[in-house]
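What follows is a set of notes on a single structure, which appears directly below.
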Amino acid sequence: MNYVIHIVELIVVSHLILIGLYFVFERNRKNSGISILGIFLILLGFQLFFISFGYVDQEMAGYQWFVNSNINSYLVFSFGPLLLLTNRAYIIDRLILHKSDLLHLISYVVPVLAQFFRSQIFGESKSEVSIFDVSFITQSLIYCIASLQYASRKKVDVLKKKILTHLNLSYSLLIVVWLSVEIVRYFGFFGESILKLGFLIGVMYLVFGLTILSLKFPDTIIQSKYIRRRLNQWKNEKYGQAQMKENYSGELIQAITKYIEQDRNYLNPDLRLNDVSHVTGFPLKDVSQAINEQIGKSFNKYLNDLRIDDAVLLFNTEEDLNAKEVMYKVGYNSKSLFYKYFKEKMGVTPLTYKKTLSRKLVEFE
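Add 30 to a position in the sequence shown, counting from 1, and you land on the number used in the working numbering.
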């Protein structure tokens, strides 16, 4: 029976590492969150590989090297921060690091260093290993709760929510089962083998669930625009290069205008041409060329015209707003840039334009 369990373990570990490698190296992946998820799965697979060594024979050379080299602590304390980072990057479609992320680095470095110096000075003992397990479980539970709260607070589409819910709940389940194993082991209760089997089932639920979701909803992993574009290109091959180019151009400009205009992303002061290329799934060169040739403007002028049009509308409909408030609402962080582009398009500064509107309103009354 034990050999059957170990074979299943090896299958699960192999699947973890393979799907992790796919997530990391798939060049058309949806965003940076998928890459971090891949790293998370690879490290988890590596960890479980050596744990399964220990279940077979704790005197095995590989398992002893794994424990004595402190690789174990380097791995397990990275899971919590990686889980939260995966949630954040997957939701906002990019990896952005803040100064506050130093706290996550500290939460990894401190226990790792503590474990390293403890093992160097005192050696390994049963009590020391228990302290290590308590530290890991505590850190993991904190990050599980933080990840669940972060994902629940953010507005995300249904498919993204499916992936994140499955990931967060699966890992939380693994930590709870791990905690149960430690409690049973500490108090000498019956059922440690059953709980270890439960832990294996939890890992299977995590990895095979992610696989099923990836196959059922491929655009949760790969950019949906890329999938549709590839299908359309394949369908258009029989119509020749001219027809395919026309269809490609139409789909390209439609994707650009939807993302920038209809979804109102031009109001984002940090919007860059790279962002448009990344989200739509089209090459940067093609996006830039389409805006220049089909819209007839440079990318910056295209954004500024949309923002100034919005500013004019706000001045005419929301009289209580001053020029500075309007500036922020339409996507500018710089007063000089707002005044410059407003005057280029309207012929007067925002302040003069607002005063003109106020005079007209008084005369009308």
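Positions of the beta carbon are idealized from the N, C-alpha and C atoms, including for glycine.
Only a predicted model underlies this, so the values are computations on that prediction, with no experimental measurement involved.
Checklist entry - Tell me which same chain residues have a C-beta within less than 7 Å of the C-beta of R294, skipping the five on either side of it? => result Here residue 294 refers to the residue found at position 264 of the sequence shown. Contacts found: none.
Checklist entry - Quick one: is F152 buried, meaning 16 or more other Cβ sit within 10 Å of its Cβ, or exposed? => result Residue mapping note: residue 152 aligns to position 122 of the sequence shown, counting from 1. Confidence in F152 is poor, its pLDDT being 49 and thus under 50, which makes the residue's placement too unreliable to answer from.
Item to check | Assumed close pair L67, F109 - CB separation to whole angstroms, cut-off 8 Å | outcome: For the purposes of this step, residue 67 is taken as the residue at position 37 of the sequence shown. For the purposes of this step, residue 109 is taken as the residue at position 79 of the sequence shown. The Cβ separation is near 12 Å, so there is no contact.
Checklist entry - Is it a yes or a no for the region 174-192 touching the region 219-235, going by three-plus beta-carbon pairs under 8 Å? => result no
Checklist entry - Under a three-way DSSP split, which group does R294 fall into? => result Translated into the one-based positions of the sequence shown, residue 294 becomes position 264. R294 falls in the coil class under three-state DSSP.
Item to check | Backbone secondary structure at L301 - three-state DSSP | outcome: For this step, residue 301 is matched to residue 271 along the sequence shown. Coil.
Checklist entry - Do F247 and A285 come within 8 Å of each other at the CB atom, strictly closer than that value? => result Here residue 285 corresponds to residue number 255 of the sequence shown, with the count starting at 1. Here residue 247 corresponds to residue number 217 of the sequence shown, with the count starting at 1. No, Cβ-Cβ distance for A285 and F247 is not below 8 Å.
Checklist entry - Nearest-angstrom Cα distance between S202 and L343? => result Mapped onto the sequence shown, residue 202 falls at position 172. Mapped onto the sequence shown, residue 343 falls at position 313. Straight-line Cα distance between these residues: approximately 49 Å.
Checklist entry - Excluding sequence positions up to five away, which residues of its chain have a Cβ less than 6 Å from the Cβ of V159? => result For this step, residue 159 is matched to residue 129 along the sequence shown. A caution first: V159 carries a pLDDT of 45, below 50, which makes its placement in the model too unreliable to give a value.
Next on the checklist: Quick check: the region 343-360 against the region 300-316, are at least 3 beta-carbon pairs closer than 8 Å?
Outcome noted: no
Next on the checklist: Spatial neighbours of V404 within its chain, please: C-beta separation below 7 Å, excluding the five flanking residues on both sides.
Outcome noted: The structure shown has nothing for residue 404, since the chain only spans 31 to 395.
Checklist entry - Rounded to a whole number of angstroms, what is the C-alpha to C-alpha distance between H308 and A119? => result Position 278 of the sequence shown, counting from 1, holds the residue named residue 308. Position 89 of the sequence shown, counting from 1, holds the residue named residue 119. Whole-angstrom Cα-Cα distance: 14 Å.
Next on the checklist: Buried or exposed for Q292, going by 16 or more other Cβ atoms inside 10 Å?
Outcome noted: Here residue 292 is taken as the residue at index 262 of the sequence shown, counted from 1. The residue is exposed, with fewer than 16 neighbouring Cβ atoms inside 10 Å.
Next on the checklist: Quick check: Y52 and L114, are their CB atoms within less than 8 Å of each other?
Outcome noted: One-based indexing of the sequence shown puts residue 52 at position 22. One-based indexing of the sequence shown puts residue 114 at position 84. No, the Cβ-Cβ distance between Y52 and L114 is not below 8 Å.
Checklist entry - Would K370 pass as a contact of D335 if the rule is Cβ separation under 8 Å? => result Within the sequence shown, residue 370 is the residue found at index 340, counting from 1. Within the sequence shown, residue 335 is the residue found at index 305, counting from 1. No, the Cβ-Cβ distance between K370 and D335 is not below 8 Å.
Checklist entry - Got a sec? Which residues, its chain only, sit under 6 Å from M357 by beta carbon, not counting five neighbours each side? => result Residue mapping note: residue 357 aligns to position 327 of the sequence shown, counting from 1. Closer than 6 Å at Cβ, skipping near neighbours: F368.
Checklist entry - From S210 to I121, what distance separates their C-alpha atoms? => result Residue numbering aside, residue 210 sits at position 180 when the sequence shown is read from its first letter. Residue numbering aside, residue 121 sits at position 91 when the sequence shown is read from its first letter. S210 and I121: Cα-Cα distance of roughly 32 Å.
Item to check | Buried/exposed call for R302, threshold 16 Cβ in 10 Å | outcome: Start at 1 with the first residue of the sequence shown, and residue 302 comes out as number 272. Classification for R302: exposed.
Item to check | Segments assigned alpha helix (DSSP H), at least 4 residues, entirely inside the region 159-238 | outcome: 188-217
Checklist entry - If I64 sits next to I251, beta carbons under 8 Å apart, how far is it from one beta carbon to the other, in whole angstroms? => result What you label residue 64 is simply residue 34 of the sequence shown in a count that begins at 1. What you label residue 251 is simply residue 221 of the sequence shown in a count that begins at 1. Confirmed, Cβ separation roughly 6 Å.
Item to check | Collapsed DSSP secondary structure at G311 in the structure displayed | outcome: The sequence position of residue 311 within the sequence shown is 281, counting from 1. DSSP places G311 in coil when its eight states are reduced to three.
Checklist entry - If we ignore side chains and look at the alpha-carbon of each, how far apart do L333 and Y296 end up? => result Position 303 of the sequence shown, counted from the start, is the residue given in the question as residue 333. Position 266 of the sequence shown, counted from the start, is the residue given in the question as residue 296. For L333 and Y296, the distance between alpha carbons rounds to 6 Å.
Checklist entry - Expressed to the nearest angstrom, what Euclidean distance is found between the alpha-carbon atoms of T116 and L194? => result As a first step, residue 116 is located in the sequence shown; it is residue number 86 there, counting from the start. As a first step, residue 194 is located in the sequence shown; it is residue number 164 there, counting from the start. So the alpha carbons of these two residues sit roughly 9 Å apart.
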